[in-house]
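**Q**
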Amino acid sequence: MLKMHVKPETSVVRPYVVCSALRGMTFDEARYNSFIDLQDKLHQNICRRRTLVAIGTHDLDMIEGPFTYEALPPSEIEFKPLKQVEVFKADKLMEFYKSDMKLKKYLHIIEDSPVFPVIYDRNRTVLSLPPIINGAHSAISLKTKNVCTATDLTKAKIITMFSVYFERKFEVEPVVVTYSDGKSYIYPELSPYDMKVSLSFINRIVGVTLEANKIFEVGDVTVLDELKDVGATNHRQLAALYCGATSGFELIHGLVDRIMEVTGARSVSAGDNTGYYIELSDAIKKRCFGKEEPEFLSGRQASIIYKGKPIGTFGIVHP
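Residue numbers (the working numbering): 337 to 655.
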């Protein structure tokens, strides 16, 4: 397993690093451009223009681990940056990029710091001067097959997005990151975790006031659609949930009736295609050849039939 060692001096500038290795890349020109474009879009939005996160990708076959993440005076950092033919010291590089339309907007993030963050491999080859520029030595290309990526910790567990570009999708090789206090972490950290939050916090974040045992929402849901040029389409859907000591089946049933009444749908007898009716479990089994919706308990679910077509379901959620 690859290793990254973090020096204590980084604590004064950008203290965290997260790493991962992506193997078996399959690039053509379109996929390569898409890969670079994805990084740029992440930098502009979730990474807050590199102030929170700086993502660097490197040709793993051009470098050797273990790697070190350090913070050094700018005059002590010397390397050839991406797309350049000259070797620069980091302080001179900052002056050079003040006239660069793309990179000058990031210089303020570290230029006033007495030390700059830098990532080295075992041969003291500079991989990156985050969050400004990568080194030319490890630049990825159409021939790249294996990629090493390094990002800052905050909001950095997004690395699996890049896995769509390699042969075994959504698989990454972890890297051990060891800090100066001896603590080690394996990244990317993809295991689930629990959070305990108050209802008031959820209401504030979501922007909708919800009762603790009731949820009601109307919104667009994106579904796959091969007939669309983008491969998907939006459908307006409604969902409601009730949690309680009893099943509450009749509460959802009553809500359905009220919604249909408000929308002008007329309640009719089963089999009448001029309005809507509720089809219970036994009828569902007959119509669907014995199949019911697996998310609900068998015998405790129903379909909403409108003008002869099912438009929704409700029932008691299967535990």
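Cβ coordinates follow ideal geometry from the N, Cα and C atoms, glycine included.
Pick from R460, Q637, N470: whose alpha carbon is nearest that of S583?
**A** Locating residue 583 in the sequence shown gives position 247, counting from the first residue. Cα-wise, what sits closest to S583 is Q637.
**Q** Keeping to the same chain, check which residues put their C-beta closer than 6 Å to that of L574; ignore five residues upstream and five downstream.
**A** For the purposes of this step, residue 574 is identified with residue 238 of the sequence shown, where counting begins at 1. Only V554 meet the Cβ criterion.
**Q** Could you pull the start and end residues of the beta strand (DSSP E) that I647 belongs to?
**A** Sequence index remark: in the sequence shown, residue 647 carries index 311 (1-based). Its beta strand (DSSP E) spans residues 645 to 653.
**Q** Please confirm whether V592 and L338 have their CB atoms less than 9 Å apart.
**A** Within the sequence shown, numbered from 1, the residue matching residue 592 stands at position 256. Within the sequence shown, numbered from 1, the residue matching residue 338 stands at position 2. It is not a contact, given that the beta carbons lie outside the stated cut-off.
**Q** For T490 and G648, I'd like the C-alpha separation in whole angstroms.
**A** In the sequence shown, counting from the first residue as 1, residue 490 sits at position 154. In the sequence shown, counting from the first residue as 1, residue 648 sits at position 312. Per-residue confidence for T490 stands at a pLDDT of 48, beneath the threshold of 50, marking its modelled position as unreliable; no derived number is given.
**Q** Taking only runs of the alpha helix (DSSP H) that begin and end inside the region 396 to 479, which ones reach a length of at least 4 residues, in chain order?
**A** Entirely contained in the region 396 to 479, the alpha helix (DSSP H) runs reaching 4 residues are, in chain order, 426 to 432.
**Q** Indicate whether R359 and Y442 have their beta-carbon atoms separated by less than 9 Å.
**A** The count along the sequence shown starts at 1 and reaches residue 359 at position 23. The count along the sequence shown starts at 1 and reaches residue 442 at position 106. Cβ distance not < 9 Å, so R359 and Y442 don't count as in contact.
**Q** Under the three-state reduction of DSSP, which class applies to N539: helix, strand or coil?
**A** The residue labelled residue 539 in the question sits at position 203 within the sequence shown. Looking at N539 - three-state DSSP - the assignment turns out to be helix.
**Q** Alpha helix (DSSP H) containing V592: first to last residue?
**A** Along the sequence shown, read from residue 1 onward, the residue named residue 592 stands at position 256. First-last of the alpha helix (DSSP H) with V592: 585 to 598.
**Q** Assign F625 to one of two classes, buried (16 or more other C-beta atoms within 10 Å of its C-beta) or exposed (fewer than that).
**A** Translated into positions along the sequence shown, residue 625 becomes position 289. A caution first: F625 carries a pLDDT of 48, below 50, which makes its placement in the model too unreliable to give a value.
**Q** Give the DSSP-derived three-state secondary structure of E345 in the structure shown.
**A** Here the question's residue 345 lines up with position 9 in the sequence shown. In this structure, E345 counts as helix in the three-state DSSP scheme.
**Q** Is the Cβ-Cβ distance between D457 and E400 less than 9 Å?
**A** Start at 1 with the first residue of the sequence shown, and residue 457 comes out as number 121. Start at 1 with the first residue of the sequence shown, and residue 400 comes out as number 64. Going by C-beta atoms, D457 is nearer than 9 Å to E400.
**Q** Out of curiosity, what's the CA-to-CA distance linking T514 and P524?
**A** Residue mapping note: residue 514 aligns to position 178 of the sequence shown, counting from 1. Residue mapping note: residue 524 aligns to position 188 of the sequence shown, counting from 1. Taking the straight line from one Cα to the other gives about 14 Å.
**Q** Assuming D561 is part of the alpha helix (DSSP H), what are its boundary residues?
**A** For the purposes of this step, residue 561 is taken as residue 225 along the sequence shown, with counting starting at 1. First-last for D561: undefined, no H or E at that position.
**Q** Here's a check: name, in chain order, each residue in its chain whose Cβ is nearer than 7 Å to the Cβ of I716, leaving out the five neighbours to either side.
**A** Given a span of 337 to 655 for the chain in the structure shown, any question on residue 716 remains unanswerable.
**Q** For E509, which of helix, strand or coil comes out of DSSP?
**A** The sequence position of residue 509 within the sequence shown is 173, counting from 1. DSSP places E509 in strand when its eight states are reduced to three.
**Q** Check S617 in the structure and name its three-state DSSP category.
**A** Taking the first residue of the sequence shown as position 1, residue 617 is located at position 281. Looking at S617 - three-state DSSP - the assignment turns out to be helix.
**Q** DSSP on F363, reduced to helix/strand/coil?
**A** Residue 363 sits at position 27 when you count from the first residue of the sequence shown. Correct three-state label for F363: coil.
**Q** Need the endpoints of the beta strand (DSSP E) that S516 sits in, please.
**A** Numbered from 1 along the sequence shown, position 180 holds the residue referred to as residue 516. It is not in any beta strand (DSSP E) - S516 carries neither H nor E in the DSSP assignment.
**Q** Return yes when at least one heavy atom of the ligand NAP lies under 8 Å from the C-beta of H589, else no.
**A** Ligands displayed in this structure: none; no statement on the ligand NAP is therefore possible.
**Q** Taking 6 Å as the limit between beta carbons, can you name the residues of its chain near V557, skipping five residues before and five after?
**A** Numbered from its first residue, the sequence shown carries residue 557 at position 221. Only H571, Q573 meet the Cβ criterion.
**Q** Determine the direct distance from the alpha carbon of T393 to that of A475, and round the result to whole angstroms.
**A** The residue you call residue 475 lines up with position 139 of the sequence shown. The residue you call residue 393 lines up with position 57 of the sequence shown. So the two alpha carbons sit approximately 8 Å from each other.
**Q** Along the chain, where does the beta strand (DSSP E) that runs through C581 open and close?
**A** By one-based count along the sequence shown, residue 581 stands at place 245. The question names Cys, yet the displayed sequence has Ala at residue 581. Taken as a continuous stretch (DSSP letters only), A581 belongs to no beta strand (DSSP E), as it is neither H nor E.
**Q** Out of S477, T404, K425, which has the shortest C-alpha to C-alpha gap to N459?
**A** What you label residue 459 is simply residue 123 of the sequence shown in a count that begins at 1. Residue T404 is the option with its Cα nearest to N459.
**Q** Just reading off the beta strand (DSSP E) that L388 is part of, what are its end residues?
**A** Sequence index remark: in the sequence shown, residue 388 carries index 52 (1-based). Careful: L388 lies outside any beta strand (DSSP E) and carries neither H nor E.
**Q** With distances taken Cα to Cα, identify the nearest neighbour of M340 among L429, G600, C484.
**A** Position 4 of the sequence shown, counting from 1, holds the residue named residue 340. M340 has its Cα closest to that of C484, out of L429, G600, C484.
**Q** Take the Cβ of P630 as the centre, count every other Cβ of all protein chains shown within 10 Å, and call the residue buried at 16 or more, exposed below.
**A** Position 294 of the sequence shown holds residue 630. P630 comes out exposed.
**Q** By alpha-carbon positions, which one of F552, P528, F585 ends up nearest to N539?
**A** Taking the first residue of the sequence shown as 1, we reach residue 539 at position 203. If we check each option's Cα against that of N539, F552 comes out closest.
**Q** Per DSSP, L358 forms a beta bridge with which residues?
**A** To locate residue 358, count along the sequence shown from 1; it is residue 22. The partner list for L358 (beta bridge, DSSP) reads V483.
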